[in-house]
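Comments concern the structure below.
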Amino acid sequence: MIKIGIIGAGNIAMTHAKALSTVKEAVLTGVHDIHQPAGERFASTFGGQAFERYEDLLDSSDGIIVASPNFKHKEHALQALAAGKHVLCEKPMAITLEEAQVMRDYTEKAHAIAMMGFNYRYLSFVHILMEFIRNGGHGGIISFNISFKKDSALRKKTFTWRDSEASKQTSGALGDLGIHLIDMIWYLFRSDFRPESIRVKMATHVKEKENREVQVDDYSEILGQLRNQVFIHMVTSKSTVPEECGFGIEVIGHRKNFHYHTRNPLSYTITEGISSASFDLPPALLTDPAGEFHGWADSFRIEQMAWVDAILRKSRMGLPSFADGYRSQATLNLFFETHAKDLSGTLVMQA
480 MIKIGIIGAG NIAMTHAKAL STVKEAVLTG VHDIHQPAGE RFASTFGGQA
530 FERYEDLLDS SDGIIVASPN FKHKEHALQA LAAGKHVLCE KPMAITLEEA
580 QVMRDYTEKA HAIAMMGFNY RYLSFVHILM EFIRNGGHGG IISFNISFKK
630 DSALRKKTFT WRDSEASKQT SGALGDLGIH LIDMIWYLFR SDFRPESIRV
680 KMATHVKEKE NREVQVDDYS EILGQLRNQV FIHMVTSKST VPEECGFGIE
730 VIGHRKNFHY HTRNPLSYTI TEGISSASFD LPPALLTDPA GEFHGWADSF
780 RIEQMAWVDA ILRKSRMGLP SFADGYRSQA TLNLFFETHA KDLSGTLVMQ
830 A
């Protein structure tokens, strides 16, 4: 039985704890949170012990899920790896590319299994989409359109670290939601963006909370082309009205197209010319919380099963790695840099 500890006792940590209760080869040993009462409430709900010191949680665990604020990921992940513990690090990997590079380089020498929390790779419709892309029946892919729209900036009135400069832009719509989509694009196509093709639109629609300036974006739109010639249109938002929220994917091929949107969460559609056919998605084991899309909770369960299996096999093969985390961070940086150049008038579009 693999003993798992969680650093952080917030919402994403709770999601991990619920998922972990379904992984038969693992057990939750405890939690550490800088706010001890939060850790104690967490332990009373999900089991294990509320440790006052992170070091004591490490001593009692085989593996650590890093679910602390973004600006603590590097510190907590490296401390766990230095102690010989396996790590599942929530996204984003770090708050700067320099931090991400240190983390990536460290894992290359570590013997423990280090995994990035890119749980969207484990969504059922992403698995099906991967098969659609690989089998070639689409006749060649022209474009990939993906959108992830939430209303959290409209709903949440309290100013938190997510609204501040603390996470260096990794907690806005682009950094928080977009990092998943950046990884998904790489995972599906194994191709980087052509830097000269990128255009970026960003906005902060909710400008204040509790009379404090919100310092991150709540809307972003990316247009660009991959080196394999596929065109990308990517939208992320935390300021969308509820009736327009959801997760959508459209793949346009020369012969066939793939469509999925959480408005119809249990099925996807493949079109060919004027013909279309809908197919059911497999049922999920876990119930998704309000505001999340079909299969979201289950993706954490499947992610953890893959991590625990890798620990037992003593092999990182097939897992989203810290190298993947670094790559996604580099692409995110490229988007922010492109946007800054665009605003300053220094961006030069090449023919």
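Here our numbering is used: position 22 in the sequence shown is 501, and no number is missing along the way. Ideal Cβ placement from N, Cα and C applies to all residues, glycine included.
Going by DSSP in three states, residue i sits in which element: helix, strand or coil?
i    : result
G518 : helix
E729 : strand
L765 : coil
H606 : helix
R784 : Here residue 784 is Met; the residue named in the question, Arg, does not match the sequence. DSSP places M784 in helix when its eight states are reduced to three.
G804 : helix
M582 : helix
S794 : coil
D759 : strand
F627 : strand
I612 : helix
S643 : coil
S778 : helix
S823 : helix
A830 : Only weak support is given to the placement of A830: the predicted model assigns it a pLDDT of 45, under 50, and the value that follows is read from those uncertain coordinates. Coil, per DSSP.
Exposed or buried, which one is residue i when buried takes at least 16 other CB atoms within 10 Å?
i    : result
W786 : buried
H818 : buried
E675 : exposed
G752 : exposed
E569 : buried
A830 : Bear in mind that the predicted position of A830 carries a pLDDT of just 45, short of 50, making it unreliable; the figure below should be weighed with that in mind. Exposed is the call here.
S650 : buried
S523 : exposed
G616 : exposed
M480 : exposed
G619 : exposed
D696 : buried
D584 : exposed
V720 : exposed
W640 : exposed
D538 : exposed
L474 : Outside the modelled stretch of the chain, which goes from 480 to 830, sits residue 474, for which no answer is possible.
P835 : The requested residue 835 is not part of the displayed model; the chain covers only 480 to 830.
K793 : exposed
G563 : exposed
A492 : buried
S716 : buried
A561 : exposed
Looking at chain B, is there any beta carbon in it that lies within less than 8 Å of the beta carbon of residue i?
i    : result
K482 : Among the protein chains of the structure shown there is no chain B, as only one such chain exists.
Give the single residue among the options whose Cα lies nearest to the Cα of residue i.
i    : options                   : result
T575 : A809, T817 and L822       : A809
V502 : Q783, I701 and K686       : Q783
K680 : E519, K686 and E700       : E700
M796 : A593, F772, T750 and H773 : A593
G804 : I612, Y739, Y666 and L791 : Y666
H659 : Q558, N490, Q704 and R806 : R806
L798 : F597, E519 and I625       : F597
S540 : H565, P548 and Q580       : H565
D777 : L764, F815 and E692       : L764
P761 : D655, F638, R532 and L602 : L602
Q580 : K820, N812 and S823       : N812
I728 : F611, K688 and I483       : F611
P571 : L822, E816, F801 and F530 : F801
L705 : S622, E816, G484 and L653 : S622
A496 : P516, E531, V545 and R673 : V545
G489 : H511, I625 and F726       : H511
I790 : A682, A505 and T494       : A505
E644 : V693, A682 and A632       : V693
N690 : I513, D642 and P768       : D642
R532 : F525, F550, H555 and G526 : H555
G484 : T637, T508 and K647       : T508
A632 : S646, C724, I661 and A589 : C724
I661 : D788, Q708, D630 and H712 : H712
Can you determine whether any heavy atom of the ligand NAP sits closer than 7 Å to the C-beta of residue i, and answer yes or no?
i    : result
G725 : The ligand content of the structure shown is nil, which means the ligand NAP is not present either.
Per DSSP, which residues does residue i bridge with? Please list them.
i    : result
G509 : G484 and Q528
A593 : V566
F737 : V730 and I749
I620 : G732
S500 : DSSP, once it has assigned bridges, lists no residue as partnering S500.
Practice item. Pick out the complete alpha helix (DSSP H) segments inside the region 511–555, 4 residues or longer, and give them in chain order. Key: 515–525 and 533–538
Review point. Going along the chain, which unbroken runs of the alpha helix (DSSP H) with 4 or more residues stay wholly within the region 649–719?
Key: 657–668
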